[in-house]
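Undergrad: I am attaching a structure below and will ask some questions about it afterwards.
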Amino acid sequence: MPRASAAIQTKIEVCVTEQLSRDAEGYDFQAIQDRWLPVWEDLKPFEVGVGDASRPKKYVLDMFPYPSGDLHMGHAEAFCFGDVLARYWRGQGYDVLHPIGWDSFGLPAENAAIKRGVDPREWTYANIAQQKASFRVYAPSFDWSRVLHTSDPEYYKWNQWLFLKMYEKGLAYRKASWVNWDPVDQTVLANEQVLADGTSERSGAMVVKKKLTQWYFRITDYADRLLDDLDALEGQWPTKVLNMQRNWIGRSRGAEVEFEIEGRAEKVPVFTTRPDTLHGATFMVVAPDADLAAELVADASPEVRMRFQEYLEQTQKQTEIERQSTEREKTGVFLDRFAVNPVNGERIPVWASDYVLADYGHGAIMAVPAHDQRDLDFAKKFDLPVRIVVDVRDTDGVALPDPAESGTATSGEGVMVNSAELNGLGKTEAIAKAVEVLEERGTGRAATTYRLRDWLISRQRYWGTPIPILHGADGDMRPVDTASLPVELPASEGLDLKPKGSSPLGAATEWATVVDPDTGESWTRDPDTMDTFVDSSWYYLRFLSATDNTQAFDPELVNAWGPIDQYAGGVEHAILHLLYSRFITKVLHDLGYLDFEEPFTALLNQGMVLQDGAKMSKSKGNLVEFASELQAHGADALRVTLAFAGPPEDDIDWADVSVQGSAKFLARAWRVADDVESGGAPAGADASAGDKVLRRSTHRLLADAPGLIEAYKFNVVVARLMDQINVTRKTIDSGAGVADPAVRESAEAVAQILSLFAPYAAEDMWAKLGHPATVALAVWPKADPALLVEDEVTLVVQVDGKVRDRLTLPATVTEADAEAAARESAAVQRAIGDRQIVNVIVRVPKIVSIATKPA
Numbered sequence: 001m002p003r004a005s006a007a008i009q010t011k012i013e014v015c016v017t018e019q020l021s022r023d024a025e026g027y028d029f030q031a032i033q034d035r036w037l038p039v040w041e042d043l044k045p046f047e048v049g050v051g052d053a054s055r056p057k058k059y060v061l062d063m064f065p066y067p068s069g070d071l072h073m074g075h076a077e078a079f080c081f082g083d084v085l086a087r088y089w090r091g092q093g094y095d096v097l098h099p100i101g102w103d104s105f106g107l108p109a110e111n112a113a114i115k116r117g118v119d120p121r122e123w124t125y126a127n128i129a130q131q132k133a134s135f136r137v138y139a140p141s142f143d144w145s146r147v148l149h150t151s152d153p154e155y156y157k158w159n160q161w162l163f164l165k166m167y168e169k170g171l172a173y174r175k176a177s178w179v180n181w182d183p184v185d186q187t188v189l190a191n192e193q194v195l196a197d198g199t200s201e202r203s204g205a206m207v208v209k210k211k212l213t214q215w216y217f218r219i220t221d222y223a224d225r226l227l228d229d230l231d232a233l234e235g236q237w238p239t240k241v242l243n244m245q246r247n248w249i250g251r252s253r254g255a256e257v258e259f260e261i262e263g264r265a266e267k268v269p270v271f272t273t274r275p276d277t278l279h280g281a282t283f284m285v286v287a288p289d290a291d292l293a294a295e296l297v298a299d300a301s302p303e304v305r306m307r308f309q310e311y312l313e314q315t316q317k318q319t320e321i322e323r324q325s326t327e328r329e330k331t332g333v334f335l336d337r338f339a340v341n342p343v344n345g346e347r348i349p350v351w352a353s354d355y356v357l358a359d360y361g362h363g364a365i366m367a368v369p370a371h372d373q374r375d376l377d378f379a380k381k382f383d384l385p386v387r388i389v390v391d392v393r394d395t396d397g398v399a400l401p402d403p404a405e406s407g408t409a410t411s412g413e414g415v416m417v418n419s420a421e422l423n424g425l426g427k428t429e430a431i432a433k434a435v436e437v438l439e440e441r442g443t444g445r446a447a448t449t450y451r452l453r454d455w456l457i458s459r460q461r462y463w464g465t466p467i468p469i470l471h472g473a474d475g476d477m478r479p480v481d482t483a484s485l486p487v488e489l490p491a492s493e494g495l496d497l498k499p500k501g502s503s504p505l506g507a508a509t510e511w512a513t514v515v516d517p518d519t520g521e522s523w524t525r526d527p528d529t530m531d532t533f534v535d536s537s538w539y540y541l542r543f544l545s546a547t548d549n550t551q552a553f554d555p556e557l558v559n560a561w562g563p564i565d566q567y568a569g570g571v572e573h574a575i576l577h578l579l580y581s582r583f584i585t586k587v588l589h590d591l592g593y594l595d596f597e598e599p600f601t602a603l604l605n606q607g608m609v610l611q612d613g614a615k616m617s618k619s620k621g622n623l624v625e626f627a628s629e630l631q632a633h634g635a636d637a638l639r640v641t642l643a644f645a646g647p648p649e650d651d652i653d654w655a656d657v658s659v660q661g662s663a664k665f666l667a668r669a670w671r672v673a674d675d676v677e678s679g680g681a682p683a684g685a686d687a688s689a690g691d692k693v694l695r696r697s698t699h700r701l702l703a704d705a706p707g708l709i710e711a712y713k714f715n716v717v718v719a720r721l722m723d724q725i726n727v728t729r730k731t732i733d734s735g736a737g738v739a740d741p742a743v744r745e746s747a748e749a750v751a752q753i754l755s756l757f758a759p760y761a762a763e764d765m766w767a768k769l770g771h772p773a774t775v776a777l778a779v780w781p782k783a784d785p786a787l788l789v790e791d792e793v794t795l796v797v798q799v800d801g802k803v804r805d806r807l808t809l810p811a812t813v814t815e816a817d818a819e820a821a822a823r824e825s826a827a828v829q830r831a832i833g834d835r836q837i838v839n840v841i842v843r844v845p846k847i848v849s850i851a852t853k854p855a
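Everything in the sequence shown is counted per the UniProt record's numbering, starting at 1 for the first residue and increasing by one.
Here is the structure:
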């Protein structure tokens, strides 16, 4: 615990003395907040410096917020849960690092600035100031000495350093390709930023395809490690998130088959998960927007080229979701070219169709219409051959109808037919044999492909990290010297920031032009900025060296504190942010900077805060404002309400919770400490002679709370605190009264555990109980094992399935004694009456069940 200076300690004592006298009339959340906030700000209890070498370490981190306005109820929930865990580990004796920063680059700030006619910096930093003020009142246990903003040059300098490291290792590259284009925000999107309905997660516009030269990070080089290392996170990350990551990486094993195309010297590699069905391939399909398609029609007749161009333009207007829909009628264009099936030498036609995507494999597939529904639909539309090569049968052993006649492809498993050396083999054996045959003939090989694509990081917008690359007049590129970093953004004054398809930085001529002092040669800065997911992919490392201008992070500090012990945030980042962070962590490990390969050991995802069953929004008129709730009820009541509402991963409907109920509970807890202060046992009093029932309840709470917190069962802990206050009040109101030392023991335990959820009330209780600030750093007492052993049990007695009595018996009661006590119960005897007992089941220490029948 940090030692308060003499001046601060005097201030605490004066503040507490004055304010406690003002609170004589009752619990006042505003007065308590006003009392303790300045004390904490003076004491700075959560700054860790370089850490305490004598204590174990925990790094707890919340996904940092975007400064789009003031905090909202989603922030209130997310930072409540993260703070519960940070405070808990401090209570367990750990040195806890719990920092905060702002993810402050990006399109929302730029679009808002354009709308308001202000500099993005002005809008961004004003919102940061507002959020910081709200955080101050909400009182998360942040280390405020480590604050970072990703839009500060001191931060994004290291984004650029990271980019150059990636470039040096061949992991950052530039290429021309078809990209996802947001027509509203006029910028490219990574695949992960396109929603399932084909719209942009940024603007909501329908995403289109556009061919641009862009910067990429080679994340596919890490696909296997990103996938396989998820196994080590089982039980620590939500299963839903692990599955989302696995599905997005999408590893498929199969074969790469080389098809010869007549008139083309180079063979076309085609990936398939079913090389055993090659004998059933009766045509080939190429994506219209693949480079291969344009090449194949280059020498075709004018008529074919015209039809193809019209079809390509039609394709480019459709989303990937539309193109892959099984509901759409198949369309296509014959390219007037033929390929050769490598296993049987058959000449098969080559078509272009929009149901094949340019970024799948090499943009071409072999079509096996008998056993793939989309291929079959296409074959029937254009009268192409359908050949069965797998004899698929139903559960009765009857062969399924011929797909050419039924219109339904047979995609199940069966025995190979019409497939030469594969005939008679099952699926597994046939795939292995097919790969063997391909390798022997030199026409294919075993291969693996992924759904994952390289990470497209360049954006055609202003408010982001400039890419540290210079372009020469002859097309050469060279990296900016690291000594010249950061490449700072120019002022936005005079630049047109409105979306127009190219970066506004291109118009900053003075900024963009760089003259080599040695050669006099003129170079031009890259006009694009980086995807803001680059900023957040490694920010957890920067917190450890937030004020160090000599390096991105100190490897020694990172390896002492990392990886993150507990990460908390929304499930909406299950793919994008988490995948990118895992990738960058592995890259930095390979570069020798980190000892670990996974950034986040444990992950907590919270649900959403709803209102009347719907997501809150101004347009729906159901917005509950965080600021107004904070002002009306206080931080503690909000935090307790969110923690008590249910498991963290569940959605919370604000219409169904009671902030007023939480406030009443806090007042009852506070009054217990107030009573102890007035007439209770003194601090340090021996509780062993206190009320036995209350002491057992206190120590059961101390024993159970750690496991519940670590299992994220915060609502259960709050419920147990409520029960503890009830038991304590009952003891106070009994003959023992508030002077019973067990009452003080209970009040102290409640204050320490309550500090996880309600730091203000808990601090006030702690002061009333005679302890120095701050309760947040007080190590929890251990439960006394002797008080966890039950002396008595409550035995339920049923007669013919109905509960007739509850008996309090010694914990050592035998089955025979339990049955005898049940038979002697007056209530049980009345229930039996003159009926005959036919069976008695005894399960000590819980139940005696008696069955009867008419005499």
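For each residue, glycine too, the CB sits at the ideal point set by N, CA and C.
These numbers were taken from a predicted model, which means no experiment stands behind them.
#1: Using 8 angstroms as the threshold, is the stretch 125 to 136 in touch with the stretch 422 to 435, meaning 3 or more CB pairs across them?
#2: Report yes if the CB atom of Val-297 is closer than 7 angstroms to the CB atom of Leu-335, and no otherwise.
#3: At what residues does the alpha helix (DSSP H) containing residue 858 begin and finish?
#4: So, with DSSP's three-state summary, where would you put Phe-533?
#5: Under the assumption that Leu-85 contacts Val-48 (Cβ atoms under 8 angstroms), give the Cβ distance between them as a whole number of angstroms.
#6: The ligand GTP heavy atoms versus the CB of Gly-770: any closer than 6 angstroms?
#7: In whole angstroms, what separates the C-alpha of Thr-529 from that of Gln-460?
#8: Considering only DSSP beta bridges, list what Asn-839 is partnered with.
#9: Enumerate in chain order the residues of its own chain whose CB-to-CB distance from His-633 is below 7 angstroms, with the five nearest sequence positions on each side excluded.
#10: Can you tell me which of the three DSSP states Lys-730 falls into?
#11: Report the partner residues of Gly-570 according to the DSSP bridge assignment.
#12: How many angstroms separate the CA atom of Gly-621 from the CA atom of Leu-43?
#13: How about Gly-170 and Ala-287: are their beta carbons less than 7 angstroms apart?
#14: Please classify Arg-695 as buried or exposed, where buried requires at least 16 neighbouring CB atoms within 10 angstroms.
#15: Would you check if the distance between the CB atom of Gly-472 and the CB atom of Trp-523 is smaller than 7 angstroms?
#16: Use the C-beta contact count for Tyr-173: other C-beta atoms within 10 angstroms, 16 or more gives buried, fewer gives exposed.
#17: Among Arg-835, Tyr-138, Arg-387, which has the Cα closest to the Cα of Pro-369?
#18: Distance, Cα to Cα, Ala-552 vs Ser-545?
#19: Let me confirm a value: Ser-21 is counted as buried when at least 16 other C-beta atoms fall within 10 Å, else exposed. Which label applies?
#20: Assuming Leu-212 contacts Val-188 under a Cβ cut-off of 8 angstroms, what Cβ separation, rounded to an integer in Å, is found between them?
#21: Could you compute how far the alpha carbon of Glu-521 sits from the alpha carbon of Asp-548?
#22: The beta strand (DSSP E) that contains Pro-269, what's its start and end?
#23: Do you know offhand how far Glu-439's Cα is from Arg-251's?
#24: Using CA coordinates, which residue listed in Asp-83, Gly-501, Phe-382, Ala-508 is at the minimum distance from Met-284?
#25: Give the range of the beta strand (DSSP E) segment to which Ser-252 is assigned.
#26: With DSSP as the reference, label Trp-66 as helix, strand or coil.
#27: Put Pro-302 into one of helix, strand or coil per three-state DSSP.
#28: Under 7 angstroms, do Glu-598 and His-589 count as touching if we go by C-beta distance?
#29: If we ignore side chains and look at the alpha-carbon of each, how far apart do Gln-606 and Trp-654 end up?
#30: What residue from Pro-403, Ser-492, Leu-604, Thr-585 has the CA that sits closest to Val-571's CA?
#31: Do Arg-307 and Val-343 have their C-beta atoms within less than 7 angstroms of each other?
#32: Could you check if Ala-24 is buried or exposed, using at least 16 other CB atoms within 10 Å of its CB as the buried criterion?
#33: If distances are taken between C-alpha atoms only, which option among Val-147, Ile-469, Glu-41 comes closest to Leu-162?
#34: Between the beta-carbon of Ala-783 and the beta-carbon of Ala-703, is there less than 7 angstroms?
#35: Less than 8 angstroms between the CB atoms is what I'm expecting for Asp-402 and Tyr-216, so what's the real figure, rounded?
#36: Measuring CA to CA, which of Pro-65, Ala-491, Gly-198, Tyr-580 is closest to Arg-121?
TA: Inspection of the coordinates gives the following:
#1: Touching, no.
#2: Taking the sequence shown and counting its residues from 1, the one referred to as residue 297 is at position 297. Taking the sequence shown and counting its residues from 1, the one referred to as residue 335 is at position 335. In contact: Val-297 and Leu-335 (Cβ atoms closer than 7 angstroms).
#3: Here the chain comprises residues numbered 1 to 855, so residue 858 is not present and cannot be evaluated.
#4: The sequence position of residue 533 within the sequence shown is 533, counting from 1. Note: Phe-533 maps to helix in three-state DSSP.
#5: Your numbering for residue 85 matches position 85 in the sequence shown. Your numbering for residue 48 matches position 48 in the sequence shown. Contact flag wrong, Cβ pair sits at about 16 angstroms.
#6: With respect to the ligand GTP, the structure shown offers nothing to examine, as it has no ligands at all.
#7: Translated into the one-based positions of the sequence shown, residue 529 becomes position 529. Translated into the one-based positions of the sequence shown, residue 460 becomes position 460. Straight-line Cα distance between these residues: approximately 7 angstroms.
#8: Within the sequence shown, residue 839 is the residue found at index 839, counting from 1. Partner residues in the beta bridge of Asn-839, as assigned by DSSP, are Ala-851.
#9: Taking the sequence shown and counting its residues from 1, the one referred to as residue 633 is at position 633. Within the same chain, Cβ atoms closer than 7 angstroms to the Cβ of His-633 are found at Val-659, Ala-663, the five residues on either side in sequence being excluded.
#10: Looking up residue 730 in the sequence shown gives position 730. For Lys-730, the three-state secondary structure derived from DSSP is helix.
#11: Residue 570 sits at position 570 when you count from the first residue of the sequence shown. Listed as beta-bridge partners of Gly-570 by DSSP are Gln-606.
#12: Taking the sequence shown and counting its residues from 1, the one referred to as residue 621 is at position 621. Taking the sequence shown and counting its residues from 1, the one referred to as residue 43 is at position 43. Per the coordinates, the alpha-carbon of Gly-621 lies some 42 angstroms from the alpha-carbon of Leu-43.
#13: Your numbering for residue 170 matches position 170 in the sequence shown. Your numbering for residue 287 matches position 287 in the sequence shown. No; because the gap between Cβ atoms is not below 7 angstroms, this pair is not in contact.
#14: In the sequence shown, counting from the first residue as 1, residue 695 sits at position 695. Classification for Arg-695: buried.
#15: Position 472 of the sequence shown, counting from 1, holds the residue named residue 472. Position 523 of the sequence shown, counting from 1, holds the residue named residue 523. Yes, the Cβ-Cβ distance between Gly-472 and Trp-523 is below 7 angstroms.
#16: Mapped onto the sequence shown, residue 173 falls at position 173. When all chains shown are included, Tyr-173 counts as exposed.
#17: Mapped onto the sequence shown, residue 369 falls at position 369. Residue Arg-387 is the option with its Cα nearest to Pro-369.
#18: By 1-based counting over the sequence shown, the position of residue 552 is 552. By 1-based counting over the sequence shown, the position of residue 545 is 545. Inter-residue distance for Ala-552 and Ser-545 is about 7 angstroms (C-alpha atoms, whole angstroms).
#19: Here residue 21 corresponds to residue number 21 of the sequence shown, with the count starting at 1. Caution applies to Ser-21, whose pLDDT of 47 falls short of 50 and renders its modelled position unreliable; the model cannot decide the point.
#20: Position 212 of the sequence shown, counted from the start, is the residue given in the question as residue 212. Position 188 of the sequence shown, counted from the start, is the residue given in the question as residue 188. About 6 angstroms separates the two Cβ atoms, so the contact holds.
#21: In the sequence shown, the residue the question calls residue 521 occupies position 521. In the sequence shown, the residue the question calls residue 548 occupies position 548. Those two C-alpha atoms are separated by around 34 angstroms.
#22: Taking the first residue of the sequence shown as 1, we reach residue 269 at position 269. Looking at the DSSP string, the run of the beta strand (DSSP E) that includes Pro-269 is 268 to 272.
#23: For the purposes of this step, residue 439 is taken as residue 439 along the sequence shown, with counting starting at 1. For the purposes of this step, residue 251 is taken as residue 251 along the sequence shown, with counting starting at 1. If you take the alpha carbons of Glu-439 and Arg-251, they lie about 22 angstroms apart.
#24: Translated into the one-based positions of the sequence shown, residue 284 becomes position 284. Just measuring C-alpha positions, the residue of Asp-83, Gly-501, Phe-382, Ala-508 sitting nearest Met-284 is Phe-382.
#25: Working through the sequence shown from its first residue, we reach residue 252 at position 252. Residues 252 to 261.
#26: Here residue 66 is taken as the residue at index 66 of the sequence shown, counted from 1. Residue identity differs from the one stated: residue 66 is Tyr in this sequence, not Trp. Here Tyr-66 sits in coil by DSSP.
#27: Position 302 of the sequence shown holds residue 302. Pro-302 falls in the helix class under three-state DSSP.
#28: The residue you call residue 598 lines up with position 598 of the sequence shown. The residue you call residue 589 lines up with position 589 of the sequence shown. No, Cβ-Cβ distance for Glu-598 and His-589 is not below 7 angstroms.
#29: Within the sequence shown, residue 606 is the residue found at index 606, counting from 1. Within the sequence shown, residue 654 is the residue found at index 654, counting from 1. Cα to Cα, the separation comes out at about 15 angstroms.
#30: Residue 571 sits at position 571 when you count from the first residue of the sequence shown. Taking each of Pro-403, Ser-492, Leu-604, Thr-585 in turn and checking the Cα distance to Val-571, the smallest one comes out for Leu-604.
#31: Position 307 of the sequence shown, counted from the first residue, corresponds to residue 307. Position 343 of the sequence shown, counted from the first residue, corresponds to residue 343. The answer is no: Cβ separation not under 7 angstroms.
#32: Residue numbering aside, residue 24 sits at position 24 when the sequence shown is read from its first letter. Model confidence at Ala-24 stands at a pLDDT of 43, short of 50, so the residue's coordinates are unreliable; what they give is reported in the following sentence. Looking at its Cβ environment, which holds fewer than 16 other Cβ atoms inside 10 Å, Ala-24 is exposed.
#33: Taking the first residue of the sequence shown as 1, we reach residue 162 at position 162. Nearest option by C-alpha distance: Ile-469.
#34: Locating residue 783 in the sequence shown gives position 783, counting from the first residue. Locating residue 703 in the sequence shown gives position 703, counting from the first residue. Yes, they are a contact pair.
#35: Walking along the sequence shown from the start, residue 402 turns up at place 402. Walking along the sequence shown from the start, residue 216 turns up at place 216. So it is not a contact: roughly 46 angstroms between Cβ atoms.
#36: Counted from its first residue, the sequence shown places residue 121 at position 121. Nearest of Pro-65, Ala-491, Gly-198, Tyr-580 to Arg-121, Cα basis: Ala-491.
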